[in-house]
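Chemist:
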């Protein structure tokens with residue numbers, strides 16, 4: 020049965036197929052996830068750069084196992100809870116890519132003492148002093164990266180900021196300077212391949228410029244880290260970059276499909292829901308999957324084609340023409356048709372799969388994933404190969 | 020220390036005060052929650068109607084314990100996971116207020132066999148036949164309510180629908196007819212007290228009209244259930260109604276404050292976050308609380324005053340003038356000022372409390388609540404009295 024291994028939480032007695040668990044629940048098509056993983060791995064190989072996947076989307080050791088053959092690969096995390104869970108799972112090279120809160124340094128030190136290379140991120144002298152102080156008190160270096168702002172998206176220092184060298188020196192004196200990291204967050208709004216190629220170029224240039232400034236000041240820079248799912252799939256030259264980060268790409272979602280970073284057929288995550296009512300006078304089909312199952316994320320609202328709360332497929336994963344989840348309350352979804360499609364006849368009890376706007380947000384609403392392989396046709400409902408649990412909390 | 024009892028998940032060794040747990044985490048001010056509970060209980064008493072609180076907001080046995088003195092009260096739930104957890108907690112009268120999916124009937128039957136009066140909801144003959152069939156096979160009645168649509172919000176039958184009597188008969192023949200239920204979902208968009216009073220009148224009229232039609236056809240109706248947080252606080256006459264439902268009111272939120280259903284000072288739920296960066300050139304303060312901590316809910320975007328992802332208070336709960344969380348990524352929040360306020364000086368490491376748009380959605384992002392009492396001033400950070408865990412999943 021391929022390499023998909025049932026894990027601890029596998030509810031084999033309950034869930035033989037997607038017809039078995041009570042809805043709503045999340046499903047991962049492992050064939051699509053694996054194909055997405057292979058696509059970016061091949062790209063990174065061609066670009067001659069290492070990959071450090073971000074595990075914040077799936078938050079699952081089982082999904083992460085698709086990312087590497089042999090020993091665990093370097094990963095990026097968004098919480099210390101993820102870092103701790105991945106450390107428990109044998110991962111030894113972890114970047115915590117959210118600006119460090121000094122209060123969290125004891126947990127960072129604890130991971131370092133366990134032999135995990137836990138790299139932290141910062142963009143101020145205050146944080147650098149906290150990190151340097153914690154490293155001195157603990158008697159071990161805390162590898163720290165300076166966050167570079169390449170596109171005004173969020174945090175970070177501009178590559179030409181005066182504070183860059185001051186922070187570099189503070190870290191270097193404490194043995195903590197690891198490198199620089201940037202994230203082209205604005206690339207999620209870059210609607211053409213050319214715009215994303217330029218965003219990737221700018222992302223690289225920003226990181227490399229910052230690294231060169233530090234090096235020119237005599238400060239050693241090991242890591243030059245860049246990445247986002249859109250730029251990782253658009254970069255043509257990563258000279259000077261030591262590693263590429265991306266996370267969403269393992270599952271992809273409607274936002275990424277809307278940008279053109281992937282095809283609809285690449286979406287590996289969906290949510291199974293059940294039809295529980297009809298309002299033909301309004302053109303509504305009601306389901307038991309609301310925002311609790313899908314999240315409130317409406318990422319495609321800002322795109323050329325607003326996909327509501329998601330596109331609707333049958334239980335095998337084939338899109339139902341024109342059917343969109345257009346409204347949500349906590350445990351109710353409303354489906355309507357567009358593009359002149361006829362409202363399909365879906366009796367009470369019919370199961371459907373909703374493809375989400377934003378995989379990171381939708382996955383976060385679930386404890387884990389029922390795993391299927393869409394390339395293995397079955398007479399009845401798709402066979403569940405495994406149940407993969409998620410890390411949650413902070 | 021009052022009646023707030025530490026429960027299983029209480030992290031007393033970790034969390035003495037709100038300065039202790041790593042951020043982000045959810046906080047409940049038990050004094051405000053209790054005051055909100057007392058307010059609606061007093062209203063229901065004056066209206067002469069029983070209360071059946073909806074526990075889908077807090078999803079916590081500990082929060083529900085604030086709702087009653089003595090034995091458990093009737094409750095409403097949004098998932099069977101809640102029904103099962105509340106049954107385990109001693110609740111014996113539970114309405115599952117989402118249209119029944121036939122696949123879930125075995126869990127309904129199992130709860131009934133445990134002695135729990137688990138009432139289900141439906142609005143079609145197909146569902147009534149599934150319920151009647153399950154009841155006959157199990158040899159016990161499955162109390163079922165017919166969902167009435169009072170305002171075109173979601174599911175339900177119009178009070179004058181022909182199908183009402185057919186469904187009533189199908190249920191009655193199987194000994195399953197319990198009554199009717201309606202929910203004025205559109206009242207969440209009623210911006211004046213008068214509009215909400217009218218919504219409450221219409222909600223009552225719709226339920227009572229449907230009940231009278233069934234009775235006139237010789238069909239017994241025990242339960243006539245109405246409610247939503249806005250209408251429950253606006254109703255002036257509930258003649259013919261047997262019970263009032265509301266859920267959000269225990270915590271309230273910015274949507275409810277924006278409508279005028281409560282004051283900002285009534286908001287009992289907040290999320291503690293930490294300042295992790297500054298972008299003075301943009302007027303941004305960055306925190307470690309993003310949409311994972313707040314949810315993607317932007318309920319106030321449709322109101323006169325858009326509150327972004329939330330209003331920002333200090334750790335004691337006092338609003339910081341003009342400070343709003345205006346942007347969110349997964350683990351980052353961006354705070355900005357408005358109304359001509361000066362950007363406050365909040366160093367790295369400063370803890371803040373963000374008041375959410377939508378308590379149901381924000382609470383769902385957390386495993387539980389750190390409980391404080393805002394009326395008990397302390398020299399340092401507010402003292403944590405307990406940790407209350409949540410039910411999750413389906």
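Chains as they are written, first to last, in this note's numbering: chain A, 20 to 413; chain B, 20 to 413.
Ideal Cβ positions, reconstructed from N, Cα and C, are used throughout, including at glycine.
How should residue 406 of chain A be labelled, buried or exposed, when 16 other C-beta atoms within 10 angstroms of its C-beta is the threshold for buried?
Modeler: The residue in question, residue 406 of chain A, is buried, as its Cβ has 16 or more Cβ neighbours within 10 Å.
Chemist: Taking C-beta pairs closer than 9 Å, name the residues in chain B that residue 42 of chain A reaches, listed in chain order.
Modeler: Simply 120, 122, 123, 413.
Chemist: Name the residue from B:260, B:190, B:147 whose alpha carbon lies nearest to the alpha carbon of residue 70 of chain B.
Modeler: Residue B:260 is the option with its Cα nearest to residue 70 of chain B.
Chemist: Using three-state DSSP, classify residue 35 of chain B as helix, strand or coil.
Modeler: It is coil, neither helix nor strand.
Chemist: Using a Cβ-Cβ distance under 8 Å, would residue 351 of chain B count as near chain A?
Modeler: By this cut-off, residue 351 of chain B is an interface position.
Chemist: Do residue 314 of chain B and residue 173 of chain A have their CB atoms nearer than 8 Å?
Modeler: No, they are not a contact pair.
Chemist: I'd like the list of long-range same chain contacts for residue 349 of chain B, defined as Cβ closer than 8 Å, with 5 residues on each side in sequence excluded.
Modeler: The residues are 309, 310, 311.
Chemist: Quick one: residues in its chain with C-beta nearer than 6 Å to the C-beta of residue 341 of chain B, no 5 flanking neighbours on either side, listed in chain order?
Modeler: Cβ neighbours of residue 341 of chain B beyond the five flanking positions: 356, 357, 358, 360.
Chemist: Are the C-beta of residue 407 of chain B and some C-beta of chain A separated by less than 8 Å?
Modeler: So no, residue 407 of chain B is outside the interface.
Chemist: From residue 166 of chain B to residue 255 of chain B, what distance separates their C-alpha atoms?
Modeler: Distance between the alpha carbons of residue 166 of chain B and residue 255 of chain B: 23 Å.
Chemist: Name the DSSP beta bridge partners of residue 372 of chain B, please?
Modeler: Bridge partners of residue 372 of chain B: B:291, B:332.
Chemist: Can you give me, in chain order, the residues of the segment 194 to 207 of chain B that have a beta carbon less than 9 Å from any beta carbon in chain A?
Modeler: The segment 194 to 207 of chain B vs chain A, Cβ under 9 Å: 204.
Chemist: Roughly how many angstroms lie between the CA atoms of residue 123 of chain A and residue 182 of chain A, to the nearest whole one?
Modeler: Taking the straight line joining both Cα atoms gives about 23 Å.
Chemist: CA-CA distance, residue 132 of chain A and residue 111 of chain A?
Modeler: If I take the Cα positions, the gap works out to 12 Å.
Chemist: Do you know offhand how far residue 237 of chain A's Cα is from residue 195 of chain A's?
Modeler: When rounded, the distance between both Cα atoms is 15 Å.
Chemist: Going by DSSP, name the residue or residues bridged to residue 298 of chain A.
Modeler: Note: residue 298 of chain A sits in a beta bridge opposite A:303.
Chemist: Report yes or no: do the segment 94 to 111 of chain A and the segment 259 to 278 of chain B share at least 3 C-beta pairs separated by less than 8 Å?
Modeler: Taking 8 Å as the limit for Cβ pairs, the verdict is that the segment 259 to 278 of chain B does not touch the segment 94 to 111 of chain A.
Chemist: According to DSSP, is residue 202 of chain B helix, strand or coil?
Modeler: Residue 202 of chain B: coil per DSSP, three-state reduction.
Chemist: Assuming residue 255 of chain A is part of the beta strand (DSSP E), what are its boundary residues?
Modeler: Careful: residue 255 of chain A lies outside any beta strand (DSSP E) and carries neither H nor E.
Chemist: Among residues of its own chain, excluding the 5 on either side of residue 385 of chain B, which ones have a beta-carbon nearer than 6 Å to its beta-carbon?
Modeler: If we look at residue 385 of chain B and ignore the five residues flanking it on each side, its Cβ neighbours are 45.
Chemist: Between which two residues does the alpha helix (DSSP H) holding residue 186 of chain B run?
Modeler: Per DSSP, residue 186 of chain B belongs to the alpha helix (DSSP H) from 182 to 192.
Chemist: Find the nearest neighbour of residue 121 of chain A within the set A:277, A:283, A:249, A:140, judged by alpha-carbon distance.
Modeler: Closest option to residue 121 of chain A, Cα to Cα, is A:140.
Chemist: Quick test of your reading: residue 416 of chain A and residue 184 of chain A, contact by CB under 8 Å. State the CB separation rounded to the nearest angstrom.
Modeler: No statement about residue 416 of chain A is possible, as the shown extent of chain A runs from 20 to 413 and does not include it.
Chemist: In the DSSP assignment, the alpha helix (DSSP H) including residue 131 of chain A goes from what residue to what residue?
Modeler: First-last of the alpha helix (DSSP H) with residue 131 of chain A: 124 to 132.
Chemist: Check the C-beta distance from residue 76 of chain A over to residue 379 of chain A and give it rounded, since I have them as a contact under 8 Å.
Modeler: With 8 Å as the limit, residue 76 of chain A and residue 379 of chain A qualify as a contact, their Cβ atoms being about 5 Å apart.
Chemist: Any contact of the segment 78 to 87 of chain B with the segment 282 to 300 of chain A, i.e. 3+ C-beta pairs under 8 Å?
Modeler: No, the segment 78 to 87 of chain B does not touch the segment 282 to 300 of chain A.
Chemist: Taking the alpha helix (DSSP H) that residue 228 of chain B belongs to, which residues open and close that run?
Modeler: Counting along the chain, the alpha helix (DSSP H) containing residue 228 of chain B begins and ends at 212 to 235.
Chemist: For residue 282 of chain A, which of A:38, A:47, A:51 has the nearest alpha-carbon?
Modeler: Looking at the Cα atoms, A:51 is the closest of the given residues.
Chemist: Rounding to the nearest angstrom, what Cα-Cα distance links residue 39 of chain A and residue 300 of chain B in this structure?
Modeler: Computed Cα separation, rounded: 54 Å.
Chemist: Compute the beta-carbon to beta-carbon distance between residue 264 of chain B and residue 73 of chain B, rounded to the nearest angstrom, for a pair I have assumed lies under 8 Å.
Modeler: Between residue 73 of chain B and residue 264 of chain B the Cβ distance is about 6 Å, and since that is below 8 Å, they are a contact.
Chemist: Does the segment 320 to 329 of chain B come close enough to the segment 384 to 404 of chain B that 3 or more CB-CB pairs lie under 8 Å?
Modeler: Contact between the segment 384 to 404 of chain B and the segment 320 to 329 of chain B is absent, because fewer than three Cβ pairs lie under 8 Å.
Chemist: Chain B partners of residue 311 of chain A, CB-CB under 7 Å?
Modeler: In chain order: 383.
Chemist: Compare the C-alpha of residue 303 of chain B against each of B:337, B:335, B:343, B:330 and name the closest.
Modeler: The residue with the shortest Cα to Cα distance from residue 303 of chain B is B:343.
Chemist: Assuming residue 371 of chain B contacts residue 334 of chain B (C-beta within less than 8 Å), just tell me the rounded distance between them.
Modeler: About 7 Å; that satisfies the 8 Å criterion.
Chemist: How far does the beta strand (DSSP E) with residue 389 of chain A in it extend, from its first residue to its last?
Modeler: Residue 389 of chain A -> beta strand (DSSP E) spans 387 to 391.
Chemist: Can you tell which of B:47, B:202, B:245 has its C-alpha closest to the C-alpha of residue 63 of chain B?
Modeler: The option with the nearest alpha carbon to residue 63 of chain B is B:245.
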